[in-house]
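Comments concern the structure below.
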Amino acid sequence: MFEPSATPRLFGTPIGADFGATLLEGLEARLAGAPPEAWGRVTLLVNTTRMKRQLLDQFAAGPARLMPRVHLVTDLAGGLHLTGLKPAVSSLQLRLQLRQAVARLIDLQPDIAPKSAAFDLANSLAALLEEMDDEGVDPATLGDLDVGDHSAHWARSLSVISLLSGQDSDIFRTQAAFNRDALSALLSLWDAAPPQTPIIVAGSTGSRGTTRLLMEAVARLPQGAVVLPGVDRDTPQEVWRNLTASCDNPDRAPEEDHPQFRFAALAKRLGVAPDDIAPWTDTKPDTHSRNRLVSLSLRPAPVTDQWLSDGPKLVEELPDATDGLSLITARTPRHEAAAIAFAIREAVEANKTTALITPDRTLARQVTAALSRWGIVPDDSAGMPLHQSPPGRFLIETAALFGRPLDLAVALSLLKHPLTASNAGMRGPHLLNVGRFETWARRKGVPRVDAAVLQDWLGSWSATDEAKDWVGWLGSVLENLPNTGGEPLEARLERHIDLAEAIAAGPDSSGSGQLWADKPGEAAGAAVDELRMAAPFGGAVDNVQYLGIIRSVLAGGEVREAPIAHPLVSIWGTIEARTRTVDLSILAGLNEGTWPAALPHDPWMNRAMRRDAGMLLPERRVGLAAHDYQQAMGAREVIFSRSAQSADTETVPSRWLNRLTNLLSGLGEIGETCLKEMRARGDRLVAISSVLAVHSENPISALPAPRPAPAPPAEARPKGLFVTAVSTLIRDPYAVYAKNVLELRRLGPRAPQPDAAMRGTVLHAVMEQCLKDGFDFTGPSEWTAEAFMEVAAEVVATHVPWPATRRLWLGRLASSAPALVRVEAALQASGMPIIVEEIGSVQLRGVDFRVSAKPDRIDRLEAGGCAVLDYKTSTKPPSEKEVEAFDKQLLLEAAIAEAGGFKQLGAKRAARVGYISIGNPANSRDEPLEIEGVWRPDAMLQNLAALIRTYEDPSKGYTARRAPQFLIYASDYDHLSRFGEWDVTAAPETILVGQ
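So for the sequence shown, our numbering puts the first residue at 1; every next one is plus one.
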């Protein structure tokens with residue numbers, strides 16, 4: 001197949017060439033006229049499973065012939081049938097064993113990291129050991145590293161690495177060590193009997209140690225060759241010499257971030273000049289002028305001055321080089337995804353093959369979602385991350401249940417998960433009960449779910465037998481969630497899977513529902529089986545550690561379903577751009593930190609230690625990403641895409657995009673014009689996608705929405721209100737309309753928080769408990785305050801599930817308890833509480849309306865009359881002006897008491913009305929009952945009757961936000977009134993409702 005050669009054989013394919021097709025073309029040219037069996041004697045060693053699958057598909061497409069043998073460079077033993085090698089431990093077993101070692105290290109030296117970080121550190125340590133084995137780093141050499149100038153942390157980590165990697169046993173034997181041993185065995189066989197059949201390493205850049213040694217050995221075989229993807233023929237000799245000189249020069253940093261550096265390093269090790277890498281075929285790239293432009297833009301930093309000398313030579317070619325380029329600069333990732341989706345749609349209509357190339361999986365999912373509006377399903381090579389699939393999320397949520405109280409939000413999320421109660425016939429009744437329970441729990445402000453809460457729910461309505469069975473099932477699930485502390489990993493895994501299957505099955509049902517069904521379920525089951533096999537090596541874990549392990553295991557998997565994808569549209573990772581081409585490449589997410597990605601942080605070895613040990617430098621990743629970028633630029637049409645903002649900050653354009661735009665900007669008027677046209681083409685895509693995003697059959701008006709003042713018929717208007725709603729009727733009538741006419745009630749949050757409203761409710765409950773139990777406030781002040789705090793602690797413990805909040809609130813109450821006890825003692829000395837949180841009402845005169853009240857407290861006074869009292873937990877009670885205009889609650893309660901609205905009290909004239917400040921009793925004050933001869937309770941009742949008569953007019957509307965107290969006021973019905981589409985300066989518009 002190959003002519004004899006005195007030098008190693010290095011070939012390369014051009015930038016932008018379809019590597020698989022070009023490789024096949026070169027094989028056909030070299031095997032032309034050879035007997036049919038010659039194809040079967042060829043061995044191809046490729047670097048990825050995707051490349052292997054692509055080559056086999058191309059060979060299978062015809063014509064009919066024998067297939068070459070295609071193997072992976074990472075599986076030499078299996079592919080080439082090498083035997084007698086010590087097996088490696090599985091990747092997961094290795095990480096679990098290392099987790100135990102790291103956990104013991106943390107026990108001995110707690111300042112290293114928290115215990116919960118043990119598995120993450122084990123993951124990074126496993127990757128480091130793999131890399132050491134791949135690069136052939138002898139653990140003994142680590143002890144010779146001089147770390148005297150480094151911090152103590154690096155010296156300590158180096159001792160740990162030396163200890164673990166220097167083990168005589170094979171408990172930490174990595175797959176990389178196994179593959180390197182396989183290479184050593186293979187090289188021994190080749191030394192004894194060099195193979196005479198063609199062996200070709202194709203598609204690898206030689207970025208890994210074992211692979212690089214294999215490529216060097218194959219290139220020297222009698223019929224061996226290495227075919228490199230994307231060799232830049234426009235790189236001048238001076239640049240090649242600069243790259244070669246940086247390979248092993250201790251006085252300068254290697255140019256590892258250059259896309260062609262690996263080829264220069266490989267050529268130097270083989271004694272071949274980089275510019276002498278032979279073409280694999282005579283194929284010429286379709287975009288030669290663009291390749292020259294990109295090659296110049298990527299010149300290493302030390303020779304960037306060549307822009308001044310070589311740049312003007314490209315000016316005449318710039319229009320042709322940039323003709324197929326577009327530059328999208330979107331405002332946010334969402335706008336970027338929309339513009340990309342529209343570009344793909346246009347390409348599909350033009351019958352062009354298109355690939356979105358990006359390392360940003362979130363952006364890829366956003367583009368997929370945007371394409372769904374046109375029914376375009378891309379062929380996504382990465383699939384879905386397993387931990388984001390329904391079974392993955394379900395397993396993570398169930399793992400998080402152990403050893404922690406079940407918050408309402410967590411419970412509802414799990415109960416609504418599509419895999420919960422997924423056995424046949426279970427799902428519908430289950431969701432019905434979940435909906436009923438959620439409505440009740442959110443209205444009650446239930447913060448957490450337990451057996452007692454479930455029983456309270458059953459007692460709140462005429463529960464069906466089905467609901468009782470559902471509660472029994474959920475209660476049994478909760479019983480299996482004790483905080484067991486540490487236990488063996490295998491035991492915790494089995495308990496977790498039993499729990500997950502029970503929840504997936506549903507009430508009174510066996511099996512596991514749909515948990516392990518279909519492709520996602522099968523992938524999750526395979527991940528669990530892998531963890532089950534390795535679990536005996538995991539040691540003891542607590543709740544947090546187990547959750548971290550299950551998250552990591554699931555995050556490492558992926559789900560590959562087989563949707564009916566559009567044949568012209570693909571989504572690739574960056575590595576696929578090395579070997580495949582399309583008509584339109586969309587290079588998305590071109591921001592620093594995304595493409596190229598931020599350099600990873602290694603907690604075990606810093607950059608200097610890595611270089612001294614002969615290991616890979618972090619810049620290698622940048623160089624590989626740059627090569628992927630350069631290859632993708634070889635498509636006929638290319639769209640660059642980036643967003644100016646991420647979720648929370650401004651972004652920085654990718655260094656390669658910056659280099660290209662800066663180069664064009666410096667090439668005179670033609671370069672600036674070309675750059676402007678690139679941006680114009682990208683801006684067009686952004687503009688059209690923005691219009692499509694807001695387009696509908698009923699276009700949205702640019703005018704603001706009206707400020708609503710709905711006017712329902714008189715018979716539909718409320719015939720009664722509580723006194724607490726009177727101020728709402730004055731300040732925000734729309735809220736009264738929504739609540740009492742439309743009968744819409746606000747549901748509480750799914751995750752109740754210990755806010756001011758909850759604190760007020762709890763402190764009112766404390767005072768209510770004391771008053772109903774007849775607590776004696778008249779004893780010695782100090783003892784009484786202590787007894788009062790004991791009662792408060794019991795009430796707070798009942799209502800507040802957060803320990804820290806309980807301590808904080810009780811501490812604040814304790815500071816005011818002595819003064820509060822003195823106030824209460826004075827009240828008990830003058831009267832007796834008769835009405836405590838009980839409802840009373842009275843009919844208004846001259847209007848069909850009843851006003852009701854549920855006062856905090858009404859005392860019958862020994863001197864005659866009654867005292868109407870209201871507890872306040874805010875800083876201070878409302879002012880007299882606020883009471884006169886808005887906050888009429890207390891005086892209206894006095895009026896109801898005087899009218900005999902409270903049966904147990906009878907008709908009693910108010911002798912006192914006042915506010916008791918719980919937080920600061922010094923702010924307590926009384927309201928005057930009479931001003932200038934006007935008895936205020938009667939006046940309040942008359943004013944209310946006049947207000948209600950006003951609202952009996954069918955043309956009178958309930959204005960939204962008529963007179964809010966604060967600008968930051970938030971109504972429960974703002975979404976209904978569409979506040980934000982209008983503001984409080986807009987005139988209300990009366991809207992007749994139901995008339």
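Heads up, the beta-carbon is just placed ideally off N, CA and C, and yes, glycines get one too.
Predicted, not measured: the structure shown is a model, and the values here were computed from it.
Spell out a yes or no on whether the stretch 587-599 and the stretch 635-649 are touching, meaning 3 or more CB-CB pairs, one atom from each, closer than 8 Å.
Contact between the stretch 587-599 and the stretch 635-649 is present: three or more C-beta pairs spanning the two stretches fall below 8 Å.
Taking just the CA atoms, how far does serine 690 sit from glutamate 697?
Legend: pLDDT at glutamate 697 = 49, less than 50; position of this residue unreliable, no value from coordinates given.
Which parts of the stretch 683-728 are runs of the beta strand (DSSP E), unbroken and 3 residues or longer, counting only runs that do not cross its ends?
Entirely contained in the stretch 683-728, the beta strand (DSSP E) runs reaching 3 residues are, in chain order, 707-711, 720-722.
Can you give, in chain order, each stretch of the alpha helix (DSSP H) that sits fully within the stretch 590-624 and has at least 4 residues?
Taken in chain order, the unbroken stretches of alpha helix (DSSP H) that lie wholly in the stretch 590-624 and span 4 residues or more are 607-613.
Given glutamine 995, which residues of its chain have a CB within under 6 Å of its CB, disregarding the five upstream and five downstream residues?
These residues qualify, in order along the chain: Pro713.
Residues that glutamate 930 bridges to, as DSSP identifies them
In DSSP, glutamate 930 forms a bridge with Trp935.
Using C-beta distances below 7 Å, list every residue in its chain close to asparagine 423, excluding the 5 sequence neighbours before and after it, in chain order.
So the qualifying residues of the chain are Ala505, Gly506, Ser509, Gly511, Gly513.
If you draw a straight line from the alpha carbon of leucine 663 to that of leucine 98, how long is it in whole angstroms?
Here the alpha carbon of leucine 663 sits roughly 49 Å from the alpha carbon of leucine 98.
What's the C-alpha gap between alanine 907 and cysteine 866?
Going by the C-alpha atoms only, they are around 9 Å apart.
The alpha helix (DSSP H) that contains tryptophan 470, what's its start and end?
465-479 is the extent of the alpha helix (DSSP H) around tryptophan 470.
Measuring straight from C-alpha to C-alpha, what distance separates tryptophan 783 and alanine 792?
When rounded, the distance between both Cα atoms is 14 Å.
State buried or exposed for methionine 426, treating a residue as buried only when at least 16 other CB atoms are found within 10 Å of its CB.
Result: buried.
Do the CB positions of leucine 554 and glycine 383 come within less than 8 Å of each other?
No, these two residues do not count as a Cβ contact at 8 Å.
Taking Cβ positions, are arginine 961 and phenylalanine 979 nearer each other than 8 Å?
Contact: yes.
Between the beta-carbon of leucine 45 and the beta-carbon of alanine 182, is there less than 8 Å?
No, the pair does not count as a contact, with Cβ atoms beyond the cut-off.
Inter-residue spacing [alpha-carbon to alpha-carbon] between glutamine 109 and alanine 122:
If you take the alpha carbons of glutamine 109 and alanine 122, they lie about 16 Å apart.
Exposed or buried, what is phenylalanine 966 when buried is set at 16 or more other beta-carbons lying within 10 Å of its beta-carbon?
In summary, phenylalanine 966 is exposed, with fewer than 16 beta-carbon neighbours lying within 10 Å of its beta-carbon over all protein chains present.
Take every Cβ of the stretch 193-200, pair it with every Cβ of the stretch 243-254, and state whether three or more of those distances are shorter than 8 Å.
Pairwise C-beta distances place the stretch 193-200 out of contact with the stretch 243-254, as fewer than three of them are shorter than 8 Å.
Would valine 477 pass as a contact of alanine 502 if the rule is Cβ separation under 8 Å?
Pairing valine 477 with alanine 502 gives a Cβ-Cβ distance under 8 Å.
Assign glutamine 904 to one of two classes, buried (16 or more other C-beta atoms within 10 Å of its C-beta) or exposed (fewer than that).
Burial check for glutamine 904: the Cβ neighbour count within 10 Å stays below 16, so the residue is exposed.
Pick from Arg936, Asn920, Pro921: whose alpha carbon is nearest that of glutamate 927?
Looking at the Cα atoms, Arg936 is the closest of the given residues.
From the DSSP output, which residues share a beta bridge with histidine 71?
According to DSSP, histidine 71 bridges with Leu45.
Express the C-alpha separation of glutamate 494 and tryptophan 280 in angstroms, rounding to a whole number.
Annotation: tryptophan 280 to glutamate 494 spans about 55 Å, alpha carbon to alpha carbon.
Rounded to a whole number of angstroms, what is the C-alpha to C-alpha distance between glycine 20 and methionine 615?
About 31 Å.
Selected residue, minimal CA-CA separation from threonine 210, among Val367, Gln175, Asp529:
Looking at Val367, Gln175, Asp529, the one whose alpha-carbon comes closest to that of threonine 210 is Gln175.
Can you round the beta-carbon distance between leucine 298 and tryptophan 656 to whole angstroms, since I take them to be within the 8 Å contact cut?
Going by Cβ atoms, the distance from leucine 298 to tryptophan 656 rounds to 7 Å, so yes, they are a contact pair.
Touch test, the stretch 331-348 against the stretch 372-382, Cβ-Cβ under 8 Å, three pairs minimum
Output reads yes: the stretch 372-382 touches the stretch 331-348.
Beta-carbon proximity of glycine 224 to arginine 9, cut-off 8 Å:
Arginine 9 is positioned such that its CB atom lies closer than 8 Å to that of glycine 224.
Provide the residue span of the alpha helix (DSSP H) that contains alanine 140, from first to last.
Alanine 140 -> alpha helix (DSSP H) spans 139-142.
So, is the C-beta of proline 706 closer than 8 Å to a C-beta in chain C?
Going by chain labels, chain C is absent from the structure shown, which holds only one protein chain.
Entirely enclosed alpha helix (DSSP H) segments - the stretch 744-804, minimum 4 residues
Entirely contained in the stretch 744-804, the alpha helix (DSSP H) runs reaching 4 residues are, in chain order, 756-772, 781-799.
For the alpha helix (DSSP H) holding lysine 881, just list the boundary residues, first then last.
For lysine 881, the enclosing alpha helix (DSSP H) stretches over residues 880-885.
Within this structure, are the beta carbons of alanine 88 and arginine 180 separated by less than 8 Å?
Against a cut-off of 8 Å, the Cβ pair of arginine 180 and alanine 88 comes out as no contact.
Quick one: what's got a C-beta closer than 8 Å to threonine 7's C-beta in the same chain, skipping five residues either side?
If we look at threonine 7 and ignore the five residues flanking it on each side, its Cβ neighbours are Leu270, Gly271, Val272.
Mind pulling the alpha helix (DSSP H) runs of 4 or more residues that sit fully within the stretch 97-174?
Entirely contained in the stretch 97-174, the alpha helix (DSSP H) runs reaching 4 residues are, in chain order, 118-135, 139-142, 152-165.
Taking only runs of the beta strand (DSSP E) that begin and end inside the stretch 316-341, which ones reach a length of at least 3 residues, in chain order?
If only complete runs of 3 or more residues are kept, the stretch 316-341 shows the beta strand (DSSP E) at 325-330, in order along the chain.
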